[in-house]
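In what follows, a single structure is set out as structure tokens and then discussed.
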Amino acid sequence: MNKLRYITVVSIISILTSCAFEPHGEGEGAVSDGMTGIRFVTGAPEVVMTKAGDADGDQIENALVFVFSADGSRCLARQWSYIDEDKTMYMYLPSGQIQIYAVCNLLDPETVMSRVNSLADLEQEAVTVSDITGAYRGKYIMSGTTGEITAPGTQNEQVTIPVERIAASFDVQVLFDPVYDGDEFMVSSIALHNVPKGSWLLSRSEGDRTPEPASGYVLAKAGSPNDWTYSSTPSKMKSNYFEDGTLTMSGSDIRQGVDVSFSMFENRRGVFSNAESDLAVNWPDLDGRSDGDFEKYSQLWKRDLAQKAGMDEYSSYLTISGVYTTSLTVREVVYYVYLGDDNYASFDVQRNHKYEMTVTVRTVEDVDTRIDSENIGGLKVYYDDQTILDAHPNSVRTLLYAQNDWEMWVEDPDKTPWVELALSDDDGYSPGFLGSVPQAGAASFRVQGVSGMRYVYIHTDEYVPYVASPEENSNAGVRTAVICYRSGNSAEVSKFEVRQYPAQMVVLHIPYDVHTMKEVRDTFYVERVLEQRHMQWGFENHWDLTIDALIAAGQWDGLSNTRQLYQSARVEAPGAPDDEEAYPDGIPYDVGLRYVLEKNRDRDGDGEITYNEIMWYMPAINEMEAIYDALTGGLVTFEGSDDYFFSSTPSSSDPNGITTGYAYYIKMGSGKTGLARRTSEYNVIACRRANAWRGPEDAGGNGSVNIDDGWQDEDLIMPKPAKNN
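Okay, structure coming up:
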């Protein structure tokens, strides 16, 4: 499937006769004579798949349109933000031969616009990212051109600009379908390796990819010298890649499928020739076999070919790590999957492609070069002790293998009561109450088990340190607990560390809040790690009285906002049809409110986070501005600090549910605030009120989270009366 995205230029009338610079602006008023309408129409990328699926990710939220003369000099440039559903914009066009280029969804379009004075400048523009997830930020950067055309000269004449994603997207499902009954495989982690740190904005040809025959294998194409990552200096080229990063898995039963999704920039590293004359060289064991056998077995040698031909140094690949057990052996396994346009010969990851892959683990036989394995015995735990958990309550799963009965415990629970262990996480954190009979799956300081493979869950309580001011945030260091484990009654004890970041203090001071007529001194804490990125605000096409009131009253009190949004989502929504809650079937996983709610702890053990248990919240727009000030002042740090973030402050929607609705956002790279559609996908960060309830010190007692009758949320965070102005 190969559908193009289009920008359609609707010409009203073209009146400019020569090239001239036009100051950029945002938004549109009434259409003027002499302006050309530009309409963005998006489609699907080419899909490379082993199973069917639909392409997505065609949202456009901002665009730069450059008009160049035939010689490449810039005539015009315009910028738009938050293009509505019909994606129509207007600008003047010059007459004569022109080239129109469009770049959509840049994080910092203003800077790019200021740098580009010619087509040659635009061709040198690249996007770089700071982590392996950066190729997708809730929307894909796209680019395209008309090529050289004659400017339209009549009203309503259309010009189409095809645009495409500059990144590739992957949906990968890992399945276990063993050849031999009784084999078992459990995954400990899935990682991505050799990920480009950047990409050219405009698509470039493959360039000269003449193979070098020195490897002894027959290549159809060598690595592309026109990729952004390429350098003739090996050390420089190596620095253009992220070495590796762990991916977030969904699902736990590999027989049903464990899924990972990610995006990355193009990485064209070469293709082996599968011409009939070359099979005997590249796949000698398959020479002369049927086409079906070739497709079935050639993938087994892909890693071996990559290593021997020297293609694996920069080729992108996945590693699937875990434990594989047979009736005779237990092996620690790393399964290698090289990415490309097929699963045997190609090492080319291309822009504007959606790769849908099913990886089936069937055996751990040595004939499969994609597998590294090592026999293991005794007891082994696969906790990643390089991970530092965030300040909010956490639940972390780790794989354990034991040949015999085993036990695991917190080394010094009196000193580290904030960490506990559990054998189940079906209902999230389940506290063990003092004086009660321990329940299955309840958290405690010690757990035990029998031989075999299983997951163990590590729970940490929140880490909100006492600091006098934001300037002292750096004085609160990472805290550490030690987990011990051993096989049976063995005297040999192994250990690993669990580490946790402290929350960071931020102070918001509003001398006079016009909505409450009070002075606001809001002291709160902010987290550091974004465990999930790019979520919708939620409440799409929804209106109720509670959310409508927050448009004015919800500018600075994120805790109150989050609790009231919870009420509208799950309990009742006054003013909505039949006063029905917005999400009677539960808040979707891709909605920011759910993400924040799950950072809280179920302290009463009823299996859900309720109103009074909401302590970690989605900050309001004024709190987001205070976070930006603290960030630029060097007082706090967190992931995605150059990206867009939603606040909990809503903006308009309508009672008839016709419009999507809007919410406030902030761009952390510049501090700019504005309104975005609730279906936009931005980051969400969580905060914690400084002087709110902290939970029992032993992390397991039956502490109350109820508030006294007559207590108002705002009394807690607005203690000072208004000043007279």
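Letter by letter, the sequence shown follows residues 1 to 725 in full-length UniProt numbering.
We put the CB at the ideal spot given by N, CA and C, even for glycine.
Values in this document were obtained by computation on a predicted structure and should not be read as measured data.
A distance below 7 Å between beta-carbons, with the five flanking residues on each side excluded, links D208 to the following residues of its chain, in chain order: P225. Pairing G554 with S648, the inter-Cα distance amounts to about 8 Å. With a 10 Å radius around the Cβ and a threshold of 16 neighbouring Cβ atoms, M517 comes out exposed. L122 is classed as buried because its beta carbon has at least 16 other beta carbons within 10 Å across all chains shown. In the three-state reduction of the DSSP assignment, W301 falls in the helix class. With a contact defined as Cβ atoms closer than 8 Å, V467 and V456 miss out at about 33 Å. The criterion of a C-beta distance shorter than 8 Å is satisfied by K197 and N240.
Inter-segment contact for the segment 615-633 and the segment 493-512 is present: three or more beta-carbon pairs are separated by less than 8 Å. Within the segment 522-593, the complete alpha helix (DSSP H) segments of 4 residues or longer fall at 545-553 and 558-570, listed in chain order.
Contiguous beta strand (DSSP E) elements confined to the segment 322-380 occur at 330-338, 346-349, 353-361 and 371-375, taking only those with 3 or more residues.
The DSSP assignment places 258-265 and 267-272 as complete runs of the beta strand (DSSP E) inside the segment 249-305, in order along the chain (cut-off: 3 residues). Counting only runs that start and end inside the segment 621-689, the beta strand (DSSP E) elements of at least 3 residues fall at 644-650, 662-667, 672-677 and 687-689. Between L76 and M91 the beta-carbon gap is near 7 Å, inside 8 Å, which marks them as a contact.
In the three-state reduction of the DSSP assignment, P196 falls in the strand class, which pools E and B. In this structure, DSSP gives L201 a state outside helix and strand, which the three-state scheme calls coil. By the C-beta density criterion, E164 is buried, having at least 16 other C-beta atoms within 10 angstroms.
Exclusion of the five residues before and after Y664 leaves I621, S647, T649, S651, T673 and L675 as the residues of its chain whose Cβ lies within less than 7 Å of its Cβ.
Assignment of A402 by DSSP, reduced to helix, strand and coil, places it in the strand class. Nearest to V571 by alpha-carbon distance, out of D557, G586, N561 and G558, is G586. A direct Cα-to-Cα measurement between R454 and W406 gives close to 12 Å. Closest by C-alpha distance to L550, out of V493, T480, Y662 and E613, is Y662. Contact between L530 and G640 holds, with the beta-carbon distance rounding to 5 Å and staying under 8 Å.
In the three-state reduction of the DSSP assignment, L119 falls in the helix class.
Pairwise C-beta distances place the segment 246-262 in contact with the segment 169-187, as three or more of them are shorter than 8 Å. Rounded to the nearest angstrom, the Cβ distance from G134 to L192 is 13 Å, too far for a contact under 8 Å. Residues Q532, M535 and V684 of the same chain have their beta carbon placed closer than 7 Å to that of Y595, with the five preceding and five following residues left out of the count. Taking 8 Å as the cut-off, the beta carbon of A573 is found no closer than this to the beta carbon of D548.
Going by DSSP, S494 is part of the beta strand (DSSP E) stretching over S494 to Q500.
E613 carries a helical assignment under DSSP once its states are collapsed to helix, strand and coil.
Counting along the chain, no alpha helix (DSSP H) covers S143; the unbroken beta strand (DSSP E) around it starts and ends at M142 to T150. In summary, T145 is buried, with 16 or more beta-carbon neighbours lying within 10 Å of its beta-carbon over all protein chains present. For S81, there is no enclosing alpha helix (DSSP H); the residue is part of the beta strand (DSSP E) that begins and ends at R74 to S81. The three-state reading of DSSP puts S474 in helix, counting H, G and I together. Taking a C-beta distance under 8 Å as the contact criterion, E540 and T660 qualify as a contact pair. Between the alpha carbons of E332 and I190 lies a gap of roughly 14 Å. Selection D177, S231 and T632 evaluated against V359 yields D177 as nearest (Cα-Cα).
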